[in-house]
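Colleague: Under my numbering, think of the first position of the sequence shown as 31, with each following residue one higher.
Even glycine gets a Cβ: it sits at the ideal position worked out from N, Cα and C.
Being a predicted model, the structure only gives us computed values, none of them experimental.
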Amino acid sequence: MSSKLATRQTILLVDDEQDILLELAEMLELEGYRCILANSVAQAFEQLSQHPDIALIITDLRMPEESGLRLIQQLRARSSRKQLPVIVASGHADMNDVIDTMRLQAVDFFIKPIYHERLLESIERLFPSTLLHLAK
Numbered sequence: 031m032s033s034k035l036a037t038r039q040t041i042l043l044v045d046d047e048q049d050i051l052l053e054l055a056e057m058l059e060l061e062g063y064r065c066i067l068a069n070s071v072a073q074a075f076e077q078l079s080q081h082p083d084i085a086l087i088i089t090d091l092r093m094p095e096e097s098g099l100r101l102i103q104q105l106r107a108r109s110s111r112k113q114l115p116v117i118v119a120s121g122h123a124d125m126n127d128v129i130d131t132m133r134l135q136a137v138d139f140f141i142k143p144i145y146h147e148r149l150l151e152s153i154e155r156l157f158p159s160t161l162l163h164l165a166k
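This is the structure in structure tokens:
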């Protein structure tokens, strides 16, 4: 079985721009990840409650209603999912944004457009055992 066909972790993608969500989901699904999409922070929390298998969140920083920063703050305040890894992406970030997300223990920060190779490297660092199982 090819590693591209094996199902890996479930990733929650959060962005208010539908085109970006679909492009990112397509790229990650080709790598074997299962993607769940949310267009807002509220939708993200709905998805988190419906899908306990979510292993990672990739979120946009700036969205109209609430920010990705607010998503991480709320996530860290919830005891059941506070350790869930988060990767942040933004097309309009400054150094303070990066510092704020790192203080909230985001595992990585990307400036849009996201280089897919770098994103995959970051994800694979989080889940190295997956690669070992798929190589067998």
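Let me know the secondary structure DSSP gives Val44 once reduced to three states.
Modeller: Val44: strand per DSSP, three-state reduction.
Colleague: Considering only their Cβ atoms, is the gap separating Arg92 from Ser70 smaller than 8 Å?
Modeller: Contact flag unset, no.
Colleague: Could you spell out the range, first to last residue, of the alpha helix (DSSP H) harbouring Ser79?
Modeller: Segment 71-80, the alpha helix (DSSP H) holding Ser79.
Colleague: Taking C-beta to C-beta, are Leu86 and Ile153 nearer than 8 Å?
Modeller: Yes, they are a contact pair.
Colleague: Count the other CB atoms within 10 Å of the CB of Tyr145; is the residue buried (16 or more) or exposed (fewer)?
Modeller: Tyr145 comes out exposed.
Colleague: Using a Cβ distance threshold of 8 Å, determine whether the segment 39-58 contacts the segment 124-135, with at least three qualifying pairs required.
Modeller: The answer is no - the segment 124-135 does not touch the segment 39-58, with fewer than three Cβ pairs under 8 Å.
Colleague: Based on Cα-Cα distance, which residue from Gln77, Arg155, Glu47 lies nearest to Val137?
Modeller: Among Gln77, Arg155, Glu47, the Cα nearest to that of Val137 belongs to Arg155.
Colleague: Measuring straight from C-alpha to C-alpha, what distance separates Phe75 and Glu59?
Modeller: So the two alpha carbons sit approximately 22 Å from each other.
Colleague: Kindly identify the DSSP beta-bridge partner or partners of Val118.
Modeller: Partner(s): Thr89, Phe139.
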